[in-house]
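Chains as they are written, first to last, in our numbering: chain A, 21 to 590; chain B, 21 to 590. Backbone N, C-alpha and C fix where the C-beta goes; we use that ideal spot for every residue, glycine too. Right, one structure below, let's go through it.
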């Protein structure tokens with residue numbers, strides 16, 4: 021696998037490798053600042069591309085010294101900082117597999133992913149030290165060494181052992197490394213699913229997949245139709261990397277940002293103040309948020325202290341955004357683009373996402389909003405997306421008929437690691453079966469309506485719960501809403517809505533129904549039989565570790581929630 | 021090769037195929053006008069993406085009906101029109117190999133390429149009919165069928181046979197085609213070199229190479245640093261495709277223009293009037309010229325009749341541009357970008373090209389001009405370019421030391437068709453050896469100075485003739501200049517310049533030397549010993565079929581040219 025290719029391999033198969041992403045900034049802008057890490061208020065580390073690459077090379081030698089060989093899994097449990105970026109690139113580019121551990125999983129699930137992945141080395145930092153200590157007894161037989169990422173000279177007092185200090189590991193290593201010309205199908209990264217329906221599964225990706233993702237996503241980003249009211253695109257992206265690196269590699273940004281020679285600002289643990297300071301100090305022009313981060317920024321009392329005017333490219337994804345939050349955010353960040361979109365651990369980011377077509381650039385904002393609430397357009401031709409019925413035939417493009425969305429393309433995960441059976445269940449007939457329900461419009465826009473298993477089957481009809489939830493959230497007195505099916509003798513299932521009201525809102529279960537009737541049924545967005553039969557006003561809606569609605573949990577406690585609900589219609 | 025791939029192939033190896041380029045416009049903009057062909061003044065054909073694709077599918081069925089199978093070569097001898105685009109796509113996407121014949125070759129060389137390629141079918145049009153008739157006796161035993169591309173119902177009176185009418189061939193065919201999922205390394209196109217040093221050689225490219233070229237080139241185009249004085253980038257490229265489709269596929273534009281959903285305007289035979297009419301009628305915003313085309317436009321008497329103001333993206337490449345022509349053109353087309361660049365039949369277009377870095381966007385024009393006269397930056401990371409000495413070691417980045425430029429990357433041709441020996445000579449040690457001499461600056465800018473074989477070896481020094489030629493052309497009284505070495509007992513070789521003066525210029529051989537001394541030696545661009553020893557003022561400089569200086573011819577007739585020359589220094 022590591023034989024250096026020559027003619028004829030190079031002539032037609034110059035390999036698509038992650039190491040190539042580093043070549044562009046190193047060739048064009050070696051002395052530009054590449055990475056900036058904010059340790060704490062006012063304390064920053066800065067590295068040029070040349071410096072960052074030199075450190076990554078040193079770490080590659082350090083990994084070799086620790087006995088890491090091609091194919092080994094090397095894990096990280098860490099915040100977003102330059103050590104984390106170095107660890108990911110050094111691991112991947114020597115031919116090993118980077119496994120960024122989702123530190124928001126339960127200890128049980130974390131221990132499972134570490135032993136299942138057979139992680140040989142675990143990198144961690146001050147922030148995750150308590151987690152590693154809590155896991156240590158369960159993983160110590162499997163992990164050969166731990167590396168502590170810090171600029172402190174001393175190691176922390178801990179029973180975690182054998183433990184190496186990152187800076188000592190790299191200190192005397194050469195600043196260049198002869199990165200191997202790997203086969204492009206070499207595995208590069210391993211991410212585990214959040215395991216809402218069982219143990220987390222490991223999604224494996226190859227070098228080729230990451231390279232092609234970076235390339236296509238960069239192209240689509242740069243060539244997206246520009247509206248006259250859009251701010252000009254900056255020549256250099258200066259981006260705050262908020263999304264945790266363990267979260268499908270922060271939606272791919274550590275890879276495409278390097279290819280695009282962007283400046284990458286690393287906030288460590290995300291805080292509103294830290295974010296604002298980074299933006300002001302570095303004149304950041306781009307960032308990505310999940311809704312909870314955006315909420316933290318907007319709730320931050322001292323936000324007006326900071327100059328955030330450089331921020332012209334903001335993407336929000338990874339969850340539904342309540343209308344109230346969206347309005348508040350749009351006032352603060354006029355250029356914010358709330359992009360609904362679709363992706364999962366198994367499909368990387370960038371599979372289907374909301375964007376406009378060329379002919380829409382002059383449309384008024386309200387009409388654009390109607391387009392942007394759809395899940396979006398598939399990343400054609402990199403991603404081939406179809407919505408199919410149970411026989412595998414495409415459903416009509418009527419924006420109504422619901423089917424399962426199946427995918428193939430350049431960055432759908434290769435396999436579930438060490439799980440050929442579940443791999444075969446998902447990858448059938450040349451298509452990856454997502455388990456998500458969707459519909460397609462005549463214009464090609466796809467709307468994800470639900471997990472196939474969450475769809476409420478009411479009589480012969482399917483009620484897409486996500487549609488119902490989004491519609492309910494449009495009420496300005498609603499903060500969150502979740503819909504599930506309740507078993508019913510006559511209909512099979514009937515819809516129940518759990519609703520969390522905005523703080524201070526004085527509204528009733530009937531108000532929810534009235535709103536849905538007026539805004540949903542009367543405006544033709546849903547039919548009458550989709551209206552919830554039960555509405556429960558609740559203090560909290562159960563969520564998973566990544567902040568998604570936990571429908572499994574609600575179904576488990578269905579009787580309890582039914583007890584809190586009011587029947588609002590027959 | 022044509023087995024439909026499924027899991028696990030699709031999961032990691034969703035193939036990179038030319039058919040995928042068509043998917044993007046078909047999905048996003050099926051009813052937008054895609055191709056416009058100007059038959060003659062005022063007579064246009066227009067096709068939407070859906071219509072163009074339907075016709076391409078019909079032709080694919082037509083090719084099958086003519087007995088074309090995967091791997092067969094299908095040739096075209098034609099102007100730039102929609103039939104030609106259909107023939108190229110249909111041929112490639114069924115798995116056959118498109119061979120666009122260079123109709124500017126000599127009859128001998130054309131006959132050689134047709135028999136060497138073993139073309140099974142030849143498509144031609146009214147314009148190339150006389151050529152096909154002239155070739156017929158030499159190729160009739162090899163070619164199974166001819167197809168006449170025209171919307172006329174009747175076939176022309178000709179002895180070329182068997183002859184099919186294009187429109188009759190496609191008329192009753194189905195408008196969809198189940199394009200095969202080919203192996204991405206399937207051969208797609210075959211171009212022959214111009215054969216300045218012997219018989220033309222066939223350069224073979226694969227689907228993967230074309231796809232990756234389109235993707236990278238589109239990204240680099242869209243993400244290039246934008247200067248404050250640059251016009252805004254339009255959301256849709258409307259491009260006049262002037263470069264002949266047989267000329268390395270018009271620098272790749274028929275492929276990346278489809279991926280980018282551009283509108284493609286096809287001028288048939290290039291004329292100044294036809295071009296201007298197309299631009300005005302279709303509001304074209306982009307085009308590419310070779311210098312002779314630009315000269316034709318600027319010499320066109322009635323140019324002021326036309327509104328060409330929509331043209332904001334003009335690229336000139338494929339040859340040196342005399343300074344006088346450049347100045348005249350810049351006045352007419354303020355947005356013109358004269359991009360020097362480097363590519364050859366064996367390397368596709370887009371290997372090294374002149375573009376600025378981010379930090380230069382605010383530089384004054386004169387400084388930018390200094391950057392843009394260098395050949396440019398390699399397309400990192402898609403193309404890996406090195407300048408090496410005879411031992412294969414990289415030369416220092418001092419902008420002085422000359423070495424051979426060697427390449428590898430995603431779109432360096434796979435092989436010379438049926439010529440393993442010359443393939444092996446060019447592809448050695450994992451690098452394609454271009455035979456071109458170059459130097460590299462500390463900033464990574466590469467300057468091609470000459471063919472390795474054209475460099476004048478004067479004493480222990482190498483005089484790069486292209487540098488000398490470009491410098492001479494900077495004189496406003498010089499139209500064209502060529503430099504060759506003249507054998508010399510003491511020095512080995514000494515430089516001679518052939519100079520064609522601008523019409524009406526009253527200048528002498530000494531004036532040429534004086535100019536080079538002032539602008540070259542005094543300004544540190546060349547050293548004194550690089551100055552020509554002989555200068556010949558000539559009426560015409562010998563050129564090849566593609567308009568390049570023909571140094572072989574000059575060397576053959578060296579005595580004749582020496583007889584016309586004056587010794588201007590000792």
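Original post:
Looking only at C-alpha atoms, which of A:579, A:33 and A:248 sits nearest to residue 384 (chain A)?
Top reply: The residue labelled residue 384 (chain A) in the question sits at position 364 within the first chain. Checking every option, the nearest Cα to that of residue 384 (chain A) belongs to A:248.
- request: Might you give, ordered along the chain, the residues of its own chain that have their beta carbon closer than 8 Å to the beta carbon of residue 84 (chain B), omitting 5 neighbours on each side?
  value: Walking along the second chain from the start, residue 84 (chain B) turns up at place 64. For residue 84 (chain B), where only same-chain residues beyond five positions count, the Cβ hits under 8 Å are 114.
Excluding sequence positions up to five away, which residues of its chain have a Cβ less than 6 Å from the Cβ of residue 426 (chain A)? Start at 1 with the first residue of the first chain, and residue 426 (chain A) comes out as number 406. Hits under 6 Å: 406, 408, 451 and 453.
*Would you verify that the beta carbon of residue 246 (chain B) is, or is not, closer than 9 Å to some beta carbon of chain A?*
Looking up residue 246 (chain B) in the second chain gives position 226. Chain A contact via Cβ: present.
| message | Once DSSP output is grouped into helix, strand and coil, what is the label at residue 21 (chain B)? | response | Within the second chain, residue 21 (chain B) is the residue found at index 1, counting from 1. Residue confidence is low: residue 21 (chain B) scores 41 on pLDDT, short of 50, so the model does not pin down where it sits. No coordinate-derived value is stated.
| Can you give the Cα-Cα distance for residue 272 (chain B) and residue 525 (chain B), rounded to whole angstroms? | Here the question's residue 272 (chain B) lines up with position 252 in the second chain. Here the question's residue 525 (chain B) lines up with position 505 in the second chain. If you take the alpha carbons of residue 272 (chain B) and residue 525 (chain B), they lie about 39 Å apart.
Practice task
Give the single residue among A:245, A:300, A:250 and A:233 whose Cα lies nearest to the Cα of residue 270 (chain A).
Solution key: Residue mapping note: residue 270 (chain A) aligns to position 250 of the first chain, counting from 1. Of the listed residues, the one whose Cα sits closest to residue 270 (chain A) is A:233.
query = Can a CB atom of chain A be found closer than 9 Å to the CB of residue 513 (chain B)?
reply = Counting from one through the second chain, the residue named residue 513 (chain B) turns up at place 493. For residue 513 (chain B), the answer is no, since every Cβ of chain A falls outside 9 Å of its Cβ.
Using a Cβ cut-off of 9 Å (strictly closer), state whether residue 417 (chain B) contacts chain A.
Stepping through the second chain from its first residue, residue 417 (chain B) is reached at position 397. For residue 417 (chain B), the answer is no, since every Cβ of chain A falls outside 9 Å of its Cβ.
Original post:
Got a sec: is the Cβ-Cβ distance from residue 255 (chain B) to anything in chain A below 9 Å?
Top reply: To locate residue 255 (chain B), count along the second chain from 1; it is residue 235. Closer than 9 Å: yes.
(Q) Let's test the definition: count the other Cβ atoms within 10 Å of the Cβ of residue 89 (chain A) and tell me whether it reaches 16, buried, or not, exposed. (A) By one-based count along the first chain, residue 89 (chain A) stands at place 69. Exposed, since its Cβ has fewer than 16 Cβ neighbours within 10 Å.
Review point. Helix, strand or coil: how does DSSP classify residue 49 (chain B) here?
Key: Here residue 49 (chain B) corresponds to residue number 29 of the second chain, with the count starting at 1. Coil, per DSSP.
Q.
Quick test of the definition: if touching needs 3 or more C-beta pairs under 8 Å, does the region 209-226 of chain B touch the region 183-199 of chain B?
A. no
At the level of alpha carbons, what is the spacing between residue 63 (chain B) and residue 498 (chain B)?
The residue labelled residue 63 (chain B) in the question sits at position 43 within the second chain. The residue labelled residue 498 (chain B) in the question sits at position 478 within the second chain. Each residue's alpha carbon lies about 40 Å from the other.
Check your understanding: Which of helix, strand or coil does DSSP assign to residue 281 (chain A)?
Key -> Stepping through the first chain from its first residue, residue 281 (chain A) is reached at position 261. DSSP places residue 281 (chain A) in coil when its eight states are reduced to three.
Mind checking residue 126 (chain A): buried by the 16 CB within 10 Å criterion, or exposed? As a working note, residue 126 (chain A) is residue 106 in the first chain. Exposed is the call here.
* Pull out every residue of the region 361-381 of chain A whose Cβ sits closer than 9 Å to any Cβ of chain B, in chain order. => 377, 378, 379 and 381
Limits of the unbroken alpha helix (DSSP H) element including residue 311 (chain B): One-based indexing of the second chain puts residue 311 (chain B) at position 291. Here the alpha helix (DSSP H) through residue 311 (chain B) covers 311-319.
- Item | Any C-beta of chain A under 9 Å from that of residue 434 (chain B) | Translated into the one-based positions of the second chain, residue 434 (chain B) becomes position 414. Answer yes: the Cβ-Cβ gap between residue 434 (chain B) and chain A drops below 9 Å somewhere.
For residue 108 (chain B) and residue 129 (chain B), what's the separation of their Cα atoms in angstroms?
By one-based count along the second chain, residue 108 (chain B) stands at place 88. By one-based count along the second chain, residue 129 (chain B) stands at place 109. Going from the Cα of residue 108 (chain B) to the Cα of residue 129 (chain B) covers about 22 Å.
message = So residue 91 (chain B) contacts chain A; which residues on that side make the cut at Cβ distance below 9 Å?
response = If you number the second chain from 1, residue 91 (chain B) lands on position 71. Simply none; closest approach about 15 Å.
| According to the Cβ coordinates, are residue 536 (chain A) and residue 578 (chain A) closer than 9 Å? | Stepping through the first chain from its first residue, residue 536 (chain A) is reached at position 516. Stepping through the first chain from its first residue, residue 578 (chain A) is reached at position 558. Going by C-beta atoms, residue 536 (chain A) is not nearer than 9 Å to residue 578 (chain A).
Between which two residues does the alpha helix (DSSP H) containing residue 385 (chain A) stretch?
Here residue 385 (chain A) is taken as the residue at index 365 of the first chain, counted from 1. Element bounds for residue 385 (chain A): 385-392.
Once DSSP output is grouped into helix, strand and coil, what is the label at residue 464 (chain A)?
The residue you call residue 464 (chain A) lines up with position 444 of the first chain. Of the three classes helix, strand and coil, the one that applies to residue 464 (chain A) here is coil, per DSSP.
> Buried or exposed: which applies to residue 44 (chain A), given that a residue is buried once 16 or more other Cβ atoms fall within 10 Å of its Cβ?
Replying inline: Reading the first chain from its first residue, position 24 is the one you call residue 44 (chain A). When all chains shown are included, residue 44 (chain A) counts as buried.
- Item | Bounding residues of the alpha helix (DSSP H) (the contiguous stretch that carries residue 518 (chain B)) | Taking the second chain and counting its residues from 1, one reaches residue 518 (chain B) at position 498. Taken as a continuous stretch (DSSP letters only), residue 518 (chain B) belongs to no alpha helix (DSSP H), being part of the beta strand (DSSP E) at 512-521.
query = Tell me, which residues are paired with residue 286 (chain A) by DSSP?
reply = Stepping through the first chain from its first residue, residue 286 (chain A) is reached at position 266. Paired residue(s): A:57.
### Query
Taking buried to mean at least 16 other C-beta atoms within 10 Å of its own C-beta, is residue 87 (chain A) buried or exposed?
Locating residue 87 (chain A) in the first chain gives position 67, counting from the first residue. Answer is exposed; the Cβ neighbour count stays below 16.
**OP:** Indicate whether residue 235 (chain B) and residue 236 (chain A) have their beta-carbon atoms separated by less than 9 Å.
**Re:** The sequence position of residue 235 (chain B) within the second chain is 215, counting from 1. The sequence position of residue 236 (chain A) within the first chain is 216, counting from 1. In this structure, residue 236 (chain A) lies closer than 9 Å to residue 235 (chain B) by Cβ.
Please confirm whether residue 196 (chain B) and residue 74 (chain B) have their CB atoms less than 9 Å apart. Counted from its first residue, the second chain places residue 196 (chain B) at position 176. Counted from its first residue, the second chain places residue 74 (chain B) at position 54. Yes, they are a contact pair.
Could you please give the first and the last residue of the uninterrupted beta strand (DSSP E) stretch that includes residue 556 (chain B)? As a first step, residue 556 (chain B) is located in the second chain; it is residue number 536 there, counting from the start. Start and end: 554-557.
Q.
Taking the straight line between their C-alpha atoms, what separation do you get for residue 245 (chain A) and residue 336 (chain A)?
A. Residue 245 (chain A) sits at position 225 when you count from the first residue of the first chain. Residue 336 (chain A) sits at position 316 when you count from the first residue of the first chain. Answer to the nearest angstrom: the Cα atoms are 18 Å apart.
ask   = Which one of B:308, B:230, B:228 and B:221 has the shortest CA to CA distance from residue 264 (chain B)?
value = Reading the second chain from its first residue, position 244 is the one you call residue 264 (chain B). Out of B:308, B:230, B:228 and B:221, B:308 has the C-alpha closest to the C-alpha of residue 264 (chain B).
Nearest-angstrom Cα separation, counted from residue 350 (chain B) out to residue 189 (chain B) = Against the second chain, residue 189 (chain B) aligns to sequence position 169. Against the second chain, residue 350 (chain B) aligns to sequence position 330. Near 46 Å, if we compare the C-alpha coordinates of residue 350 (chain B) and residue 189 (chain B).
inquiry  = Given this structure, state the Cα-to-Cα distance separating residue 199 (chain A) from residue 203 (chain B), to the nearest angstrom.
reply    = Locating residue 199 (chain A) in the first chain gives position 179, counting from the first residue. Locating residue 203 (chain B) in the second chain gives position 183, counting from the first residue. Cα-Cα distance, rounded: 28 Å.
*asked:* Given this structure, state the Cα-to-Cα distance separating residue 136 (chain B) from residue 424 (chain B), to the nearest angstrom.
replied: In the second chain, the residue the question calls residue 136 (chain B) occupies position 116. In the second chain, the residue the question calls residue 424 (chain B) occupies position 404. If you take the alpha carbons of residue 136 (chain B) and residue 424 (chain B), they lie about 30 Å apart.
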